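K.L.:
These protein sequence lines are chains A and B, in that order. Quick note on numbering: the numbering used here labels position 219 of the first sequence as 219, and the sequence is numbered without any gaps. The numbering used here runs 1000 ahead of the 1-based position in the second sequence. One structure, pasted below without further comment.
Number of protein chains: 2
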Amino acid sequence: MTTRTARAQAPAGYDPSQFPAFAVTVDIVILTMVQGELQVLLVRRGQAPFDGMWAVPGGFKLPTETLDQAAQRELVEETRVDAASLLTQFGAYGDPGRDPRMNVVTVAYLAVLRDVGTVVAGSDAAEAALVKVADVLDGSVELAFDHLRIVRDALARVRVELEVSGIATAFVGTTFTLAELRSVYEAVWGVHLDGANFRRSIVAEQGWVIPTGRHAQSGPAGGKPAELFRAGRAWKHGGPIRRPRRLTKGK
Amino acid sequence: MTTRTARAQAPAGYDPSQFPAFAVTVDIVILTMVQGELQVLLVRRGQAPFDGMWAVPGGFKLPTETLDQAAQRELVEETRVDAASLLTQFGAYGDPGRDPRMNVVTVAYLAVLRDVGTVVAGSDAAEAALVKVADVLDGSVELAFDHLRIVRDALARVRVELEVSGIATAFVGTTFTLAELRSVYEAVWGVHLDGANFRRSIVAEQGWVIPTGRHAQSGPAGGKPAELFRAGRAWKHGGPIRRPRRLTKGK
DNA sequence: CCCGGTTCTGGTCGATATGACGTGAACTTG
DNA sequence: CAAGTTCACGTCATATCGACCAGAACCGGG
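In structure tokens form, the structure reads like this:
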């Protein structure tokens, strides 16, 4: 096929009136934790294509807003939750034919929320539900468009995000025990973590968790009451990624 | 301002004929290393806006190609270099007014090349040049649009890429000494690395470098001839990111 | 040809980080 | 109050990391 619909070399010389038109959308992979299970908020489509199928919530970007603002707006519309800092852009998707009706490029965001369940009802979407991420990955729940790939990429992103930032605290409440926080890591990474070592590592990390003086109540099985922490603010960054650690350092 | 030009809630109910039209472009931050200096390939704009200013090369995405393919095509047009695996998408930019003429969302890619200098001449751009990244960051060279931000984000990305992948080998030749490779890390991270420790770490990393039997010639100052390596293939990944290491592991 | 200068490469050593595990404290239920 | 559970803290062996040293292998000049 011949390219150059609009002098595909740009921007050093092109006709602004002559370019392929796209719709730009933002899609938000909203992750939450329900009883140790990682879940994703999906909406059911009410029209073709992919009528009746589940999809990641999203919507058009407006010319008057930034991508971040568009994602923010969609998040609020979907969950009534207003928390700018936890939105992380992680990819753009524009394969031809990904939407059979028109040319769409979508910019995908990751949002991590606690207990989004109560808030789903307030959505203005026709139908919204929390679905186990595992069911999406193994194909039990089929997603519209290329949303399976998007969810997969979101999951990959949150996995590294857990390690390099304190984003895990977004999964839990404003105060939480280290056992709760640990269960987030265990669910997302699919591993078992030693409680004592986990405590050592997390507390050593600067700005991730801050001890409140208070203690939680014991669970139904008893046990020593756990210390309550609140989130540090070491996980609000704007751009792509950071963390230039060293491979091996000299003098 | 009122939103909802096209029922901004989508995709659970919208009119496909009624949405804001955008141009979608791909911009490529092409980094290379010239005598220990990190440089970026820029093109000079030949028209308004930002006439005469430097910009990151890029161009329109076509409806018939993927974003990766568009980036690939632009890279070839700009440098005649064909190497798919070293293109990494790292961000999307769509602030209103970033292009005063129309609504443009750009998807930014990072490309790392060796010795792009000889190849710049073959570009079909009006004027292309390698510019020190430092000069861009400190404002000595002003960039058009929001390209300064894009270059900054690209640099942040390549910094972490160096650590988690063997991408550093893309900066050097097909065979290289560890001193050459080390100078890449030192330039990008802005630090001094101990040669002996660097060797230990790099060689321990699986699939990053592979020893050829051969040895390089000594430099003008003499010295023991360095062993020659070639790149392993541990740095071709598609999606966003990977690497779920653990914070602290249990049994 | 020897010698000082240079670079590469292998090794040592102490500090720190990590994984495994033990023990007492504090709370539950019966 | 006894038994069971969870949390908090400490210990210990091992692995990794940063600093550094010394020998090997090359250069140039005397």
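Cβ atoms here follow ideal geometry from the backbone N, Cα and C, with glycine treated the same way. Keep in mind it's a predicted model, so treat the numbers as computed, not measured.
If you measure beta-carbon to beta-carbon, which residues of the stretch 1093 to 1108 of chain B are closer than 7 Å to chain A?
P.N.:
If the cut-off is 7 Å between Cβ atoms, the stretch 1093 to 1108 of chain B has Gly-1094, Asp-1095, Pro-1096, Arg-1101, Met-1102, Asn-1103, Val-1105 and Val-1107 near chain A.
K.L.:
So that I know if they touch, is there some Cβ in chain A lying closer than 8 Å to that of Ala-1179 (chain B)?
P.N.:
Working through the second sequence from its first residue, we reach residue 1179 (chain B) at position 179. With 8 Å as the cut-off, Ala-1179 (chain B) does not count as an interface residue toward chain A.
K.L.:
Note the first and the last residue of the continuous alpha helix (DSSP H) segment covering Val-191 (chain A).
P.N.:
By 1-based counting over the first sequence, the position of residue 191 (chain A) is 191. Unbroken run through Val-191 (chain A): none, as it is neither H nor E.
K.L.:
If the cut is a Cβ gap below 9 Å, which residues of chain B does Phe-171 (chain A) touch?
P.N.:
Against the first sequence, residue 171 (chain A) aligns to sequence position 171. None at all; the shortest Cβ gap to chain B is about 15 Å.
K.L.:
Which ranges would you report for the beta strand (DSSP E) in the stretch 1036 to 1075 of chain B if only whole runs of at least 3 residues count?
P.N.:
1037 to 1044 and 1058 to 1060
K.L.:
DSSP three-state label for Leu-1113 (chain B), please.
P.N.:
For the purposes of this step, residue 1113 (chain B) is taken as residue 113 along the second sequence, with counting starting at 1. Of the three classes helix, strand and coil, the one that applies to Leu-1113 (chain B) here is coil, per DSSP.
K.L.:
With H, G and I counted as helix, E and B as strand and the rest as coil, what does DSSP make of Phe-1019 (chain B)?
P.N.:
Stepping through the second sequence from its first residue, residue 1019 (chain B) is reached at position 19. Phe-1019 (chain B): coil per DSSP, three-state reduction.
K.L.:
May I ask you to report which of helix, strand or coil DSSP gives Thr-175 (chain A)?
P.N.:
Along the first sequence, read from residue 1 onward, the residue named residue 175 (chain A) stands at position 175. Correct three-state label for Thr-175 (chain A): strand.
K.L.:
Give the residues from the stretch 22 to 36 of chain A that approach chain B closer than 8 Å (Cβ to any Cβ), ordered along the chain.
P.N.:
Phe-22, Ala-23, Val-24 and Thr-25
K.L.:
Name, please, each residue of chain A whose Cβ falls closer than 8 Å to the Cβ of Thr-1066 (chain B).
P.N.:
Here residue 1066 (chain B) is taken as the residue at index 66 of the second sequence, counted from 1. Here the neighbours are Gly-94, Asp-95 and Pro-96.
K.L.:
Starting from Gly-1195 (chain B) and walking both ways along the alpha helix (DSSP H), at which residues does that stretch end?
P.N.:
In the second sequence, residue 1195 (chain B) corresponds to position 195, counting from 1. Taken as a continuous stretch (DSSP letters only), the alpha helix (DSSP H) holding Gly-1195 (chain B) covers 1195 to 1204.
K.L.:
Considering Cα atoms alone, identify which of B:Ser-1165, B:His-1215, B:Ala-1134 and B:Leu-1178 is closest to Asn-1197 (chain B).
P.N.:
Here residue 1197 (chain B) refers to the residue found at position 197 when the second sequence is read from its first residue. The residue with the shortest Cα to Cα distance from Asn-1197 (chain B) is B:Leu-1178.
K.L.:
Compute the beta-carbon to beta-carbon distance between Asp-1027 (chain B) and Thr-1106 (chain B), rounded to the nearest angstrom, for a pair I have assumed lies under 8 Å.
P.N.:
Counting from 1 along the second sequence, the entry for residue 1027 (chain B) is found at position 27. Counting from 1 along the second sequence, the entry for residue 1106 (chain B) is found at position 106. Confirmed, Cβ separation roughly 5 Å.
K.L.:
By the DSSP assignment, the alpha helix (DSSP H) with Val-141 (chain A) in it spans what residues?
P.N.:
For the purposes of this step, residue 141 (chain A) is taken as residue 141 along the first sequence, with counting starting at 1. Here Val-141 (chain A) belongs to no alpha helix (DSSP H), and DSSP marks it neither H nor E.
K.L.:
Does the distance from the C-beta atom of Pro-1057 (chain B) to that of Leu-1041 (chain B) stay below 8 Å?
P.N.:
Numbered from 1 along the second sequence, position 57 holds the residue referred to as residue 1057 (chain B). Numbered from 1 along the second sequence, position 41 holds the residue referred to as residue 1041 (chain B). In contact: Pro-1057 (chain B) and Leu-1041 (chain B) (Cβ atoms closer than 8 Å).
K.L.:
First and last residue of the beta strand (DSSP E) that includes Pro-211 (chain A)?
P.N.:
In the first sequence, residue 211 (chain A) corresponds to position 211, counting from 1. Taken as a continuous stretch (DSSP letters only), the beta strand (DSSP E) holding Pro-211 (chain A) covers 209 to 215.
K.L.:
If we call anything under 8 Å between Cβ atoms a contact, is Gly-1195 (chain B) one with Arg-1182 (chain B)?
P.N.:
Against the second sequence, residue 1195 (chain B) aligns to sequence position 195. Against the second sequence, residue 1182 (chain B) aligns to sequence position 182. For Gly-1195 (chain B) and Arg-1182 (chain B), yes; Cβs fall inside 8 Å.
K.L.:
Val-1158 (chain B) by DSSP, collapsed to three states: which one?
P.N.:
Walking along the second sequence from the start, residue 1158 (chain B) turns up at place 158. If DSSP states are grouped into helix, strand and coil, Val-1158 (chain B) belongs with the helices.
K.L.:
Reducing DSSP to helix, strand and coil, say where Gly-1239 (chain B) ends up.
P.N.:
Numbered from its first residue, the second sequence carries residue 1239 (chain B) at position 239. For Gly-1239 (chain B), the pLDDT reaches just 27, beneath the cut-off of 50, and the residue's location in the model is therefore unreliable, although a value from the coordinates is still provided. Assignment of Gly-1239 (chain B) by DSSP, reduced to helix, strand and coil, places it in the coil class.
K.L.:
Can you tell which of A:Lys-61, A:Gln-69, A:Asp-95 and A:Leu-193 has the C-alpha that lies nearest to the C-alpha of Asp-146 (chain A)?
P.N.:
Counted from its first residue, the first sequence places residue 146 (chain A) at position 146. Here the closest residue by C-alpha is A:Asp-95.
K.L.:
Rank B:Gly-1219, B:Lys-1224 and B:Val-1141 by C-alpha distance to the C-alpha of Gly-1052 (chain B) and give the top, closest one.
P.N.:
Within the second sequence, the letter at position 52 stands for residue 1052 (chain B). Out of B:Gly-1219, B:Lys-1224 and B:Val-1141, B:Val-1141 has the C-alpha closest to the C-alpha of Gly-1052 (chain B).
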